[in-house]
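Read top to bottom, the protein sequences are chains A and B. Residue 181 in the numbering used here sits at position 188 of the first sequence, and the numbers go up by one each step. Residue 320 in the numbering used here sits at position 327 of the second sequence, and the numbers go up by one each step. To start, the structure under review is shown below, and the notes come after it.
Number of protein chains: 2
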Amino acid sequence: MNSMTTPAVQASRGPVTRKDVARYAGVSTAVVSYVVNGGPKKVAPATEAKVQDAIRVLGYRPNAAARALKLGSSETLGLVVPDISNPFFALFSHAVEDAAAALGYALVLGNSDGNLAKERRNIRNLAARQVDGVLLASVLFEPDLEVLETAEIPSVLLNQERDAPGFNSIGVDLAAGARIAVEHLIGHGHTNIGLAMGTNVSGATDGREVGWREALQEAGLPEGPIVYSAFTRPGGYTAGQRLLASVNRPTAIFATSDMQAIGLLRAVHEAGLSVPGQMAVASFDGSAESEYSWPPLTTVEQPVAAMAEAAVAALVGASRGEKPRHRIFPTTLHVRQSCGCP
Amino acid sequence: MNSMTTPAVQASRGPVTRKDVARYAGVSTAVVSYVVNGGPKKVAPATEAKVQDAIRVLGYRPNAAARALKLGSSETLGLVVPDISNPFFALFSHAVEDAAAALGYALVLGNSDGNLAKERRNIRNLAARQVDGVLLASVLFEPDLEVLETAEIPSVLLNQERDAPGFNSIGVDLAAGARIAVEHLIGHGHTNIGLAMGTNVSGATDGREVGWREALQEAGLPEGPIVYSAFTRPGGYTAGQRLLASVNRPTAIFATSDMQAIGLLRAVHEAGLSVPGQMAVASFDGSAESEYSWPPLTTVEQPVAAMAEAAVAALVGASRGEKPRHRIFPTTLHVRQSCGCP
DNA sequence: CACCCGTATCTACTCGAGTCAACAGGCCAG
DNA sequence: CTGGCCTGTTGACTCGAGTAGATACGGGTG
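Set out below in structure tokens:
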């Protein structure tokens, strides 16, 4: 029994706590905290060295759960996207993770799989985990804000063209982006320009459709055929087949996402037509994939990194009491070969 | 007056705690816990109803941080990948998130950007956040296990062909996969088959290279040219240019990832060669992108969903004391057109 | 009627870290 | 030599939830 009296220099009892460090360094637990966070009080250099030493020797890592409990913040952000394996969202996620990590936040990821119920479940789950904010790329053009409201978490709506009062939102100028792409196609002399339009679960009209229409109207051209299909490669593929089969087959097509354009290219190739010779193509997103399709796609690039940074900044700003705002980012046309440029 | 006796319906003081619920329902906090988790003690049906009511009315959500602190588990898994915007890892992440969500775990994502220091930082960060396990797709062929060991977290090594004793690991049979692809190319009559080999930061030989070599040896064919480059589209592009410029230009190429193959296709197209007519191509991964390249890629598919499920299962198993093991998954050849099949 | 027992509930301690009020000691001015 | 002040350090309380141990109550048995 008294053979047990020796304190036995921390016989590797799994988790090392602040107390262990304090004991080892011969100081109080408060000092350890002060050292770890450059705390609210100063610590004598000699003491600090002792503590740093103890931390290193024992391999101490502050328990984030305890920290989160005390501070009321988990230093964690949540991101809900329809599908992370969609290259656009993958790219976006990467940028968000970078921006979050730079500010010391971790990122919890959730896929909604284009399913509203799953989107809601994800948001509620994140709320329960006390994330400090959620970034939501909703499956709806106009997301149901109710879930976010009842969850009482700072949030940012992504890919939102419209302003949602009381919410942070971020989006690109879809109409303007579509317009420059279609104008570029018009500049190549095309007079019959089709549209491969992506669809979402809600029915609101997308800015890309209005941009396409505006560009044609301004140039005094008639509207080419429109085909609606999913924002995916297969969606673009079937859209392509239908556009090629339409009575007045267009000589150029604007696709509302790179993925659709990739699918569309396949349909055009299968039909034995040359791109851009017999069918010019331009699209929207500016994903990495677009650079390596054949031919490389002329596409409207979204400033993904800037948007991600702004979204994260809005979230951490919200926790400091800043008021929500709506930001629209400009796009830039990336000219490659699918439009007819050399 | 009885006006004072009313509990004063929670004047919206931000976070609702267990205590608020207890007060509102007229019970102790313990009972609230018992109700919330079907607790270790039974609760009378009538009381339970009162509590459920209070929870609903007040909109109570248990604080995950407090829960994590007490239980020593955050019901969270960490995933560290080189780059989430790489379609293969994006697909994998999605599968992991699905598997984790099915078991009630959230997923924290970290990118290492092919950078060992960042990989380590990510792991340490996850460790501090008391994740219940981490899935690591290391930037190294042979990851440094030290970080994982000192972090003392259950972990799974992904994309590991080799067995790492004491660790869970999961991988595909790279050599076998490469062999069937190369054998398929040989079946098309090719006798000079090049290799576009991806490189990692460590120098160990990849199974895909041995598979390629084995297939050629077994068929009594000489080794075609090898070019090493990054596992990316640009990497494949330059690899393609170099293979096309090599003294004995191959008539078929095996690329060790779909991304490389996509880049390679661009180089071949730019050279004005037809695929598969003048240059056949096969690759490795089975990503969605491979189906929509031109021509569609014949590729070796990895069973991503099964691997993700197994990885998550290994992690939750580990927290129950199961011992680590190494699992290798078989691949399947997806025949499309880039190899020469109609 | 006293006793025991099972059920339902409550009290109180715990997890690990942040931080404030209190306190020790050293130094200088008066 | 004393008083005041600055610097460095500490003890103790707190965050919200899980749960063991104590307690209250009602009913059945001897």
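Quick reminder that beta carbons are idealized off the backbone N, C-alpha and C, glycines included. Given the structure is predicted, the values throughout are model-derived calculations rather than measurements.
Amino acids of chain B, ordered along the chain, whose beta-carbon sits closer than 8 Å to that of residue i
i	result
A/Ser78	Pro80, Ala83, Leu84, Ser86, His87, Ala281
Whole-angstrom distance between residue j and residue i, CA atom to CA atom
i	j	result
B/Glu85	B/Glu142	Note that residue 85 of chain B corresponds to Phe in the displayed sequence, not to Glu. Cα to Cα, B/Phe85 sits roughly 24 Å from B/Glu142.
A/Arg16	A/Arg114	44 Å
A/Ser78	B/Asp106	17 Å
A/Ala18	A/Lys43	6 Å
B/Leu326	B/Ile173	7 Å
B/Leu150	B/Ser276	23 Å
A/Asn179	A/Arg329	Note on residue identity: the sequence assigns Ile, not Asn, to residue 179 of chain A. A/Ile179 and A/Arg329: Cα-Cα distance of roughly 16 Å.
B/Asn(-5)	A/Pro75	Residue confidence is low: B/Asn(-5) scores 40 on pLDDT, short of 50, so the model does not pin down where it sits. Its coordinate-derived value is still stated next. Taking the straight line joining both Cα atoms gives about 52 Å.
B/Ala260	B/Tyr230	5 Å
B/Asn185	A/Ile321	54 Å
B/His319	B/Ala311	13 Å
A/Val220	B/Tyr285	20 Å
B/Thr249	B/Ser222	10 Å
B/Glu112	B/Leu128	12 Å
A/Gln123	A/Ser66	7 Å
A/Leu214	A/Arg242	15 Å
B/Val36	B/Val50	20 Å
B/Ala350	B/Ala281	The shown model of chain B, from -6 to 335, leaves out residue 350 of chain B, and the question about it has no answer.
A/Gln210	A/Gly187	14 Å
B/Met272	B/Leu266	7 Å
B/Gly270	B/Gly333	7 Å
A/Ala208	A/Ala197	20 Å
B/Arg11	A/Phe224	44 Å
A/His262	B/Glu139	51 Å
A/Glu202	A/Gly191	9 Å
B/His177	B/Ser283	17 Å
Contact set between residue i and chain A, taken where Cβ atoms lie within less than 7 Å
i	result
B/Val101	Ala99, Leu100, Val101
B/His262	Trp287
B/Gly256	Tyr285
B/Ala61	Ala58
B/Asn118	Ala99
B/Arg54	Ala120, Ala121
Short Cβ contact (8 Å threshold) for residue i with residue j
i	j	result
B/Ala130	B/Asn161	no
A/Ala171	A/Phe247	yes
B/Ala88	B/Ala301	yes
A/Pro323	A/Asp91	no
B/Leu336	B/Val268	Lying before the first or after the last residue shown, residue 336 of chain B is absent from chain B, which here runs from -6 to 335.
A/Pro317	A/Gly200	no
B/Val9	B/Gly52	yes
B/Val274	A/Val101	no
B/Leu237	B/Ala189	no
A/Ala47	A/Val14	yes
B/Gly97	B/Leu119	no
B/Gln253	B/Gly217	no
A/Leu133	A/Asn193	yes
A/Gly375	A/Ser148	Any property of residue 375 of chain A remains undetermined from this structure, which presents chain A solely from -6 to 335.
B/Arg226	B/Gly256	yes
A/Ser331	A/Pro288	yes
A/Leu62	B/Leu62	yes
Residue i: contacting residues in chain A (beta-carbon distance under 9 Å)
i	result
B/Ser67	Ala57, Ala58, Arg122
Contacts of residue i in chain B (Cβ-Cβ under 9 Å)
i	result
A/Glu90	Ile77, Leu102, Gly103, Asn104
A/Arg347	The structure shown has nothing for residue 347 of chain A, since chain A only spans -6 to 335.
Within chain B, the residues that residue i reaches when beta carbons sit closer than 7 Å
i	result
A/Arg259	Tyr285, Trp287
Supposed contact pair residue j and residue i - C-beta distance, whole angstroms, cut 8 Å
i	j	result
B/Thr292	B/Gly279	5 Å
A/Val57	B/Ala99	This sequence places Ala at residue 57 of chain A; Val is not what is there. 14 Å between Cβ atoms; not a contact.
B/Val175	B/Gly204	7 Å
B/Val28	B/Gln45	7 Å
B/Pro38	A/Pro80	The pair is not a contact, with the Cβ atoms about 52 Å apart (cut-off 8 Å).
A/Ala212	B/Ala83	A/Ala212 to B/Ala83, Cβ: 38 Å. No contact.
Query - Whole runs of the beta strand (DSSP E) within the region 197 to 232 of chain B, excluding any shorter than 3 residues - result: 219 to 223
Requested in this report: Go through the region 264 to 289 of chain A residue by residue and report every complete run of the alpha helix (DSSP H) that reaches 4 residues or more, in order.
Outcome: none
Query raised in the report: Along the chain, which unbroken stretches of the alpha helix (DSSP H) at least 4 residues long are found entirely within the region 108 to 167 of chain B?
Result: 109 to 121, 138 to 144
Report task. With a floor of 4 residues, list each alpha helix (DSSP H) that falls wholly inside the region 23 to 62 of chain B, ordered by position along the chain. Result -> 38 to 51
Query - 3 or more residues per run - each beta strand (DSSP E) lying fully within the region 233 to 263 of chain A - result: 245 to 248
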